[in-house]
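J.: Below you'll find the structure I mean.
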Amino acid sequence: MALATGLLCLGLRWTADPMTAAELRDCAYAAGAGVLGAMVLTRSTGVRLTVEHLVTFSPFGRRERRIRWADVSGIDVRRTFGVSSVNISLVTGERLTLPAPMSFLDRRFDGRVGELARWWETHRH
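What follows is the structure, given as structure tokens:
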């Protein structure tokens, strides 16, 4: 969200005729804040793999969910607007999109999905 806001501000400023030094400085601050925000937020969400559970956590660890491997019935990758994310199907019929990995900011996305699938295969029994 912060990255999108910074880029939007930069785009809006770029269309102005001509851009003053103050506007250019504001654009640089907005873009920097967007990049820093994206870096902080992406490191604060994700999953942790344990022998018994797949643990998902939200920004700054405020909410955590433990899902037993035996309760996972499937793992697949879904692509939306050019960004791939991981969906987990549970035996209850619930589908859950994991907060990470996500292909937009993770160059090792495919490897992480493979690791997640291997953990599920190994620990689901």
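Residues are numbered in the working numbering as their position in the sequence shown, beginning at 1, plus a constant of 341.
Backbone N, C-alpha and C define an ideal beta-carbon position, used for all residues, glycine too.
Measuring straight from C-alpha to C-alpha, what distance separates residue 361 and residue 368?
T.: By 1-based counting over the sequence shown, the position of residue 361 is 20. By 1-based counting over the sequence shown, the position of residue 368 is 27. Their backbone Cα atoms lie some 11 Å apart in a straight line.
J.: Is the beta carbon of residue 399 less than 8 Å from the beta carbon of residue 442?
T.: Residue mapping note: residue 399 aligns to position 58 of the sequence shown, counting from 1. Residue mapping note: residue 442 aligns to position 101 of the sequence shown, counting from 1. No. Outside cutoff.
J.: First and last residue of the alpha helix (DSSP H) that includes residue 458?
T.: On the sequence shown, position 117 is the one that residue 458 refers to. Per DSSP, residue 458 belongs to the alpha helix (DSSP H) from 450-464.
J.: So for residue 446, helix, strand or coil by DSSP?
T.: As a position in the sequence shown, residue 446 is number 105, starting the count at 1. Correct three-state label for residue 446: coil.
J.: As a quick exercise: from 455, 445, 388, 450, pick the residue whose alpha carbon is nearest that of residue 422.
T.: As a position in the sequence shown, residue 422 is number 81, starting the count at 1. For the residues 455, 445, 388, 450, the minimum Cα distance to residue 422 belongs to 445.
J.: Under DSSP, the beta strand (DSSP E) around residue 432 begins and ends at which residues?
T.: Numbered from 1 along the sequence shown, position 91 holds the residue referred to as residue 432. No beta strand (DSSP E) contains residue 432, which DSSP labels as neither H nor E.
J.: Assign residue 371 to one of two classes, buried (16 or more other C-beta atoms within 10 Å of its C-beta) or exposed (fewer than that).
T.: The count along the sequence shown starts at 1 and reaches residue 371 at position 30. Per the 10 Å Cβ criterion, buried.
J.: Please classify residue 413 as buried or exposed, where buried requires at least 16 other C-beta atoms within 10 Å of its C-beta.
T.: Sequence index remark: in the sequence shown, residue 413 carries index 72 (1-based). The residue in question, residue 413, is buried, as its Cβ has 16 or more Cβ neighbours within 10 Å.
J.: May I ask you to list the residues that DSSP assigns as paired with residue 437?
T.: Counted from its first residue, the sequence shown places residue 437 at position 96. The partner list for residue 437 (beta bridge, DSSP) reads 429.
J.: Can you tell me which residues form a DSSP beta bridge with residue 405?
T.: Position 64 of the sequence shown holds residue 405. Per DSSP, 398.
J.: Do the CB positions of residue 416 and residue 457 come within less than 8 Å of each other?
T.: For the purposes of this step, residue 416 is taken as the residue at position 75 of the sequence shown. For the purposes of this step, residue 457 is taken as the residue at position 116 of the sequence shown. Yes, Cβ-Cβ distance for residue 416 and residue 457 is below 8 Å.
J.: Would you grab the beta carbon distance between residue 393 and residue 410 for me? Rounded to a whole angstrom, and I think it's under 8 Å.
T.: Counting from 1 along the sequence shown, the entry for residue 393 is found at position 52. Counting from 1 along the sequence shown, the entry for residue 410 is found at position 69. About 7 Å; that satisfies the 8 Å criterion.
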